[in-house]
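This report refers to the structure that appears directly beneath it.
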Amino acid sequence: MKNLEIAKILYMIAEMLDMKGEAFKPAAYQKAARSVESMSEDIEEVYKRGELKEIPGVGEHIAQKIEELIKTGKSKYYEDLKKQLPMKVDELMSVPGLGAKRIMLLYQKLKIRNLKDLERAAKEHRIQKLERFGVKIEEDILRGIEIAKTKGKRFLLGYIMPLAEEIKEKLAKLGSVDRVEIAGSYRRQRETIGDIDILVTSSNAKEVMDYITTMSEVSDVLAKGPTKSTVILKNGLQVDVRVLKSSEFGSALQYFTGNKDHNIELRKIALSKGYTLNEYGLFKLKGKQLVAGKTEEEIYKKLGVDIMPPEMRENHGEIKLAMMHKLPKVISYNSLKGNLHTHSTYSDGNDSIEEMAKSAEKLGFEYLGISDHVGQLAITHALNESRLIKQAKEIDKLNKKLGIRIFKGAEVDILKNGRLALSRKAQEKLDFVIGSIHLGFKMSEKEMTSRIVSALENDRVHILAHPTGRLIQQREAYPLNFEKLFDTTKETETALEINCSPERMDLNGELCRAAKQAGCKFVVSTDAHNKSHLGYFNLGIAMARRGWLEEKDVINTFSLKKIEKILKSK
DNA sequence: GCCGTTTTCGGCCCGACTGTTTTCAGTCG
């Protein structure tokens with residue numbers, strides 16, 4: 287059973303326990319669910335090692351349930367709860383405004399089991415007659431059902447960024463607004479974003495609330511108060527906006543950046559030091575006197591925790607390191623000197639090599655690697671050896687003409703037998719070779735691992751592209767023995783790619799961290815198929831930062847001279 | 001149900017908004 291399936295069941299158990307009126311168990315199951323959900327390692331592997339209880343929030347009982355789920359695909363405890371609560375909890379929970387208590391009441395009084403029952407009851411005005419319900423809530427439910435039908439989708443960071451930044455700009459231009467910052471998972475640069483949280487300081491909160499609830503992008507207003515509003519945009523994205531005093535901006539930014547477990551940890555530290563921490567500041571427990579709040583820095587400092595970048599705030603041990611003043615100095619967004627995985631019109635790119643090179647130069651890069659497809663995928667117009675020679679001649683000409691250095695590369699398919707789809711002789715004519723899996727995904731972990739390992743061991747591969755093959759929300763990663771893979775990339779001095787395509791973001795942060803521990807090197811690559819994609823490099827840097835990587839871990843932070851030497855050494 | 005530089009038992013993060021209420025419960029993040 288996959289991590290996400292298990293997490294979902296744990297979440298469902300939490301909801302059901304909540305309905306039954308349990309006090310603290312729901313929070314316990316939720317915490318365990320969040321841990322399982324955010325793990326990058328396959329939970330079955332953790333189970334095989336007997337380390338389920340090492341997962342934060344998983345103790346004796348939840349570990350037993352996870353074990354049962356892995357072994358049998360079922361949990362008796364969960365099945366029993368479902369028998370007691372025969373409504374479609376996940377379906378009903380997706381209606382904004384409906385939580386455990388109301389869903390329970392709707393079932394007890396009106397026998398509502400699913401969205402269909404709910405819609406009928408609301409249209410027949412049976413809900414407004416219930417105690418603690420009313421006309422407004424019934425109307426909200428009807429609107430909520432429509433939202434629930436389109437909901438459940440998260441947005442890819444790279445694709446939502448332009449809209450988020452545009453809204454931020456518009457708010458910044460309002461006369462009363464001083465500061466605007468997007469917090470939440472957006473600020474942590476998670477691969478997918480469920481909603482965006484915007485924090486604002488303004489001398490006129492009403493102006494901000496009026497603006498955000500009436501701007502042209504809005505399709506629904508879920509809430510509008512004096513300092514906080516929630517809207518749904520036409521594309522389905524939820525946006526929360528909060529207006530704050532500048533004296534509390536730092537504490538709010540800290541609080542709403544999260545993640546949840548990082549914050550809970552930090553608040554516990556506050557309590558242990560005689561403080562209480564909330565979005566309005568750090569206060570003395572006795573007397574409630576304000577101690578810090580204007581900036582994030584002063585809050586972390588007061589707590590004896592070195593501040594770390596938002597990407598790291600995931601409660602993966604960063605707080606402990608920060609208390610010992612041992613945080614890594616993570617790679618910065620402007621540290622790349624070049625880009626080593628891009629495509630041109632020779633294969634499936636949209637722009638010529640010259641256009642790509644000029645754009646890369648404009649971005650301040652010293653070098654650009656052109657790596658068009660070589661292999662079997664017809665859709666990519668893969669190159670053969672004679673077209674590679676033709677391309678090499680064009681690159682030689684451009685290198686004389688342009689200020690940026692262009693490297694001759696190729697992105698070569700790793701075949702099912704572990705050989706590259708390009709002769710050794712042709713590989714040696716290139717400045718660098720990228721190995722990729724583009725077909726034959728359906729292999730066992732053992733087969734896939736040995737396929738890649740043998741490619742790295744037997745061929746002249748400088749970079750392993752998008753190492754897990756995942757496409758976010760579209761395709762699962764293929765199974766791999768990461769320990770073996772990381773050992774091999776280290777031994778063969780192959781760089782692991784951090785692919786910046788919004789749909790890939792591969793390796794992810796957690797795998798970067800594990801690979802770094804194994805001693806691997808990395809390369810942040812845009813995999814650009816047109817010149818505008820070159821700007822995606824920041825998405826890969828975000829992954830690297832979440833993976834605690836430093837500049838020295840990432841080879842394309844190195845100067846032209848140094849990278850030439852590295853590429854030639856293979 | 002989990003967890004421990006005050007604890008193996010007794011705690012468990014906290015505030016805004018909304019609607020239904022006359023002081024608060026439910027939801028949400």
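Taking the working numbering, the leading residue of the first sequence gets 287, the next gets one more, and so forth.
Just so you know, even glycine gets a beta-carbon here, dropped at the ideal spot from N, CA and C.
Who are the near neighbours of residue 236 in its chain, counting only those whose CB is closer than 7 Å to its CB and skipping five residues on each side? No information on residue 236 is available, as it lies outside the stretch 287 to 856 that the chain covers here.
Check whether residue 752 and residue 813 have beta carbons under 9 Å apart: yes
Spatially closest choice to residue 429 from 375, 670, 380, 803, by CA coordinates: 380
Less than 9 Å between the C-beta atoms of residue 819 and residue 628, yes or no? yes
Please list the segments of the alpha helix (DSSP H) lying wholly inside the stretch 419-456, counting only runs of 4 or more residues, in order along the chain. 421-436
Segments assigned beta strand (DSSP E), at least 3 residues, entirely inside the stretch 532-592: 561-564, 567-570, 576-578
Taking 7 Å as the limit between beta carbons, can you name the residues of its chain near residue 583, skipping five residues before and five after? 593
Run of the beta strand (DSSP E) containing residue 659, from where it starts to where it stops: 653-660
Can you check which of these residues, 776, 762, 774, 810, is closest to residue 785 by C-alpha distance? 810
Cutoff 8 Å; reference residue 445; Cβ partners in own chain excluding five residues on either side: 788
Just the C-alpha distance for residue 790 and residue 755, rounded to the nearest angstrom, thanks. 8 Å
Just how far apart, CA to CA, sit residue 654 and residue 776? 24 Å
Give the secondary structure of residue 458 by DSSP, where H, G and I count as helix, E and B as strand, and everything else as coil. helix
Residue range of the alpha helix (DSSP H) that residue 516 falls in? Here residue 516 belongs to no alpha helix (DSSP H); instead the beta strand (DSSP E) covers 514-519.
Please identify the residue among 351, 395, 326 whose C-alpha is closest to the C-alpha of residue 297. 351
Can you name, in chain order, every residue of its own chain whose Cβ lies under 7 Å from the Cβ of residue 643, other than the five neighbours on each side? 654, 684, 688, 690, 692
Candidates 825, 843, 544, 845: which alpha carbon is nearest residue 442's? 825
In three-state terms, what does DSSP make of residue 706? strand
My understanding is that residue 359 touches residue 470, with C-beta atoms under 8 Å, so please give their C-beta distance in whole angstroms. Not a contact, Cβ separation roughly 34 Å.
Which full runs of the beta strand (DSSP E) of 3+ residues lie inside the stretch 748-812, going along the chain? 781-785, 807-811
Is the distance from the Cβ of residue 750 to the Cβ of residue 782 below 9 Å? yes
Output yes or no for whether 9 Å exceeds the beta carbon distance between residue 520 and residue 534. no
If you draw a straight line from the alpha carbon of residue 675 to that of residue 652, how long is it in whole angstroms? 24 Å
Going by DSSP, what residues sit across from residue 488 in a beta bridge? 463
Taking just the CA atoms, how far does residue 839 sit from residue 679? 33 Å
If distances are taken between C-alpha atoms only, which option among 324, 712, 348, 329 comes closest to residue 312? 348
Residue 352 in three-state terms, based on DSSP: helix
Please go through the same chain and pick out, in chain order, the residues whose beta-carbon is closer than 8 Å to the beta-carbon of residue 590, but skip the five residues on each side of it. 555, 559, 609
Buried/exposed call for residue 795, threshold 16 Cβ in 10 Å: buried
Using the C-alpha atoms, what's the distance from residue 585 back to residue 575? 14 Å
Between the C-alpha atoms of residue 566 and residue 579, what's the straight-line distance to the nearest angstrom? 7 Å
Cα-Cα separation between residue 417 and residue 388, rounded to whole angstroms: 11 Å
Pairs of beta-carbons, one from the stretch 399-413 and one from the stretch 332-343, closer than 8 Å: are there three or more? no
CB-CB length for residue 697 against residue 722, believed under 8 Å: 5 Å
Can you list the beta strand (DSSP E) stretches of 3 or more residues lying completely in the stretch 682-744, in chain order? 691-699, 718-722
My output table needs one value for residue 673: the three-state DSSP class, helix, strand or coil. helix
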